[in-house]
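Numbering of the sequence shown is given in numbering that gives the first Met the number 0, commencing with residue 0 and proceeding in unit increments.
Each residue gets a CB set at the ideal place from its N, CA and C atoms; glycine is no exception.
Remarks on the structure that follows.
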Amino acid sequence: MATPEVDKKMLRDLESMGFPTARATRALHFSGNSSIEEAINWLVEHENNPDIDQMPLVPITIQIENGTSWMTPDEVRMRLLKLRETARTKREEEEHRSEREREKARIRAGKELLEAKRINEENERKRMLLLRKVEKDEEKRARENIRQRVEEDNAERRRKLGLQPQDPGASPLQENKRSISVKPTAKAEHMRECLRSLKKNNKGDDARVTRAFQTLAIYVRNVAKNPDEEKFRKIRLRNPNFQDRIGRLKGGIEFLELCGFEKLQGGEYLYLPRDKVDMTALNNALSQLHSALENPFFGVLYV
């Protein structure tokens with residue numbers, strides 16, 4: 000059912016006269032929309048009707064080829080149900096289509112994520128290879144520096160003793176076996192591991208690591224330059240500055256021991272006897288410390 004169509008102008012005129020919309024609509028509908036006078040006469044005659052203030056309803060009409068046909072209430076309900084079913088079907092189809100699009104988008108995103116992960120892993124692998132190459136090149140240069148310093152030290156000792164320069168083809172170990180108890184490269188690598196351990200165990204505190212390396216370099220350099228000065232060859236372990244810079248850091252004391260220092264008097268001192276001063280070991284130590292301080296990639300694969 001629906002509200003009947005009435006003349007809108009006459010409806011406004013009746014409303015302006017004070018008649019409610021429902022009464023005016025009912026009067027115009029039942030008077031045939033003929034005139035204002037007919038509508039007013041109808042209202043006067045039917046003002047006592049119980050449904051006078053109810054909006055009139057008429058059956059819904061649909062247009063077909065041969066004219067106008069009236070729909071019964073059951074037909075209206077069936078048509079509404081059919082319209083709702085059609086709308087529901089269209090909605091479900093749209094939802095299914097949207098879900099398929101979302102699934103395609105998820106698949107594309109997954110593929111892109113996997114590709115990005117693969118590229119990232121490949122870049123990381125290349126970076127690690129580059130770092131290892133840099134590390135190996137740095138170690139090679141360090142070993143060459145050590146070899147050169149050993150040769151220079153041997154040449155200097157031979158010059159002071161008045162000996163002939165060493166044959167370049169001769170092995171340094173054959174020339175002076177008694178002065179080297181451990182292969183320089185092996186001891187140098189051990190020193191390097193101590194410095195790596197110190198850096199690893201203080202990751203995130205670059206200032207403290209740098210200060211420790213610098214302090215170790217001072218101790219070693221003082222002994223190398225002044226091997227006869229006992230004050231440079233004796234370190235009190237309980238010294239607060241030493242403990243703060245070296246003693247409390249893993250690998251610090253071990254590094255000094257590799258340089259020849261020994262614990263004396265119940266572990267109160269580190270002492271390097273004059274007859275055990277090994278210039279090769281000290282030079283190796285300085286070379287490793289220089290590498291640790293100057294090489295930005297030092298120990299990066301181990302930290």
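Give the list of continuous beta strand (DSSP E) stretches no shorter than 3 residues that lie fully inside the stretch 201-272.
Complete beta strand (DSSP E) runs here, min 3: 233-235, 261-263 and 268-270.
Is the separation between the beta-carbon of Asp187 and that of Asn283 shorter than 8 Å?
Reading off the sequence shown, one finds Ala at residue 187, where the question assumed Asp. Yes.
Would Ser286 and Ala141 qualify as a contact pair, given that the criterion is a beta-carbon distance under 8 Å?
Yes, the Cβ-Cβ distance between Ser286 and Ala141 is below 8 Å.
Out of Val133, Leu27 and Thr184, point me to the one whose CA is closest to Arg146's CA.
The shortest C-alpha separation from Arg146 is found at Thr184.
Rounded to whole angstroms, what is the Cα-Cα separation between Lys267 and Lys224?
Here residue 267 turns out to be Glu, not Lys, going by the sequence shown. Approximately 25 Å between the Cα atoms of the pair.
Using a Cβ-Cβ cutoff of less than 6 Å, which residues in the same chain neighbour Pro226 once the five nearest sequence positions on both sides are dropped?
Excluding positions up to five away in sequence, the list reads Val276.
What number of angstroms, rounded off, separates the C-alpha of Glu98 from the C-alpha of Arg117?
Glu98 and Arg117: Cα-Cα distance of roughly 28 Å.
Which first and last residues belong to the alpha helix (DSSP H) in which Ser290 is found?
Element bounds for Ser290: Met278 to Glu293.
Need the endpoints of the alpha helix (DSSP H) that Ile35 sits in, please.
First-last of the alpha helix (DSSP H) with Ile35: Ile35 to Glu44.
Mind checking Met9: buried by the 16 CB within 10 Å criterion, or exposed?
Answer is buried; the Cβ neighbour count reaches 16.
Could you give the DSSP three-state label for Val57: helix, strand or coil?
DSSP places Val57 in strand when its eight states are reduced to three.
Would you decide whether Leu56 is buried or exposed? Buried here means 16 or more other CB atoms lie within 10 Å of its CB.
Its Cβ having fewer than 16 others within 10 Å, Leu56 is exposed.
Near Asp205, which residues of its chain fall below 8 Å by C-beta distance, leaving aside the five closest residues on each side in sequence?
If we look at Asp205 and ignore the five residues flanking it on each side, it has no Cβ neighbours.
Taking the alpha carbon of Leu215 as the reference point, which residue from His289, Lys230 and His189 has its own alpha carbon closest?
For the residues His289, Lys230 and His189, the minimum Cα distance to Leu215 belongs to His289.
Please confirm whether Asp6 and Asn32 have their CB atoms less than 8 Å apart.
Cβ atoms of Asp6 and Asn32: closer than 8 Å.
Taking one C-beta from the stretch 250-263 and one from the stretch 110-129 each time, how about it: are there three or more such pairs within less than 8 Å?
Segments in contact, no.
Restricting to Cα atoms, I'd like to know which of Leu194, Glu228 and Pro272 is closest to Leu248.
Answer by Cα proximity: Leu194.
With DSSP as the reference, label Met9 as helix, strand or coil.
DSSP places Met9 in helix when its eight states are reduced to three.
Considering only the alpha carbon of each residue, which of Leu269, Arg237 and Ala21 lies closest to Val219?
Nearest of Leu269, Arg237 and Ala21 to Val219, Cα basis: Leu269.
Using 10 angstroms around the beta-carbon of Met190, count the other beta-carbons present and answer buried if the total reaches 16, otherwise exposed.
So Met190 ends up on the buried side.
Would a C-beta distance cut-off of 8 Å place Ile39 and His45 closer than the cut-off?
For Ile39 and His45, no; Cβs fall outside 8 Å.
Whose C-alpha, out of Asp152, Trp41 and Leu129, is nearest the C-alpha of Phe296?
Measuring from the Cα of Phe296, the nearest candidate turns out to be Leu129.
Once you ignore the five residues that flank Ser30 on each side, which residues in its own chain have a CB closer than 6 Å to its CB?
Contacts found: Glu37, Ala38 and Trp41.
Using the Cα positions of Lys233 and Leu271, report the straight-line distance between them to the nearest angstrom.
C-alpha separation (whole angstroms): 7 Å.
From the DSSP output, which residues share a beta bridge with Ala1?
For Ala1, which the question treats as bridged, DSSP gives the partners Val57.
Per DSSP, what kind of secondary structure is Met16 in: helix, strand or coil?
Here Met16 sits in coil by DSSP.
Quick check on DSSP: helix, strand or coil for Gly109?
Residue state, collapsed to three classes: helix.
Any beta-carbon of chain B closer than 8 Å to the one on Lys233?
Given the protein chain composition of this structure (a single chain), no chain B is represented.
Nearest by alpha-carbon distance to Met0: which of Ser34, Pro58 and His28 is it?
If we check each option's Cα against that of Met0, Pro58 comes out closest.
Label Leu82 either buried or exposed according to how many other C-beta atoms from any shown protein chain fall within 10 Å of its C-beta, with 16 as the threshold for buried.
It counts as exposed.
How would you label Lys202, buried or exposed, when you count the other beta carbons within 10 angstroms and need 16 or more for buried?
Burial call: exposed.
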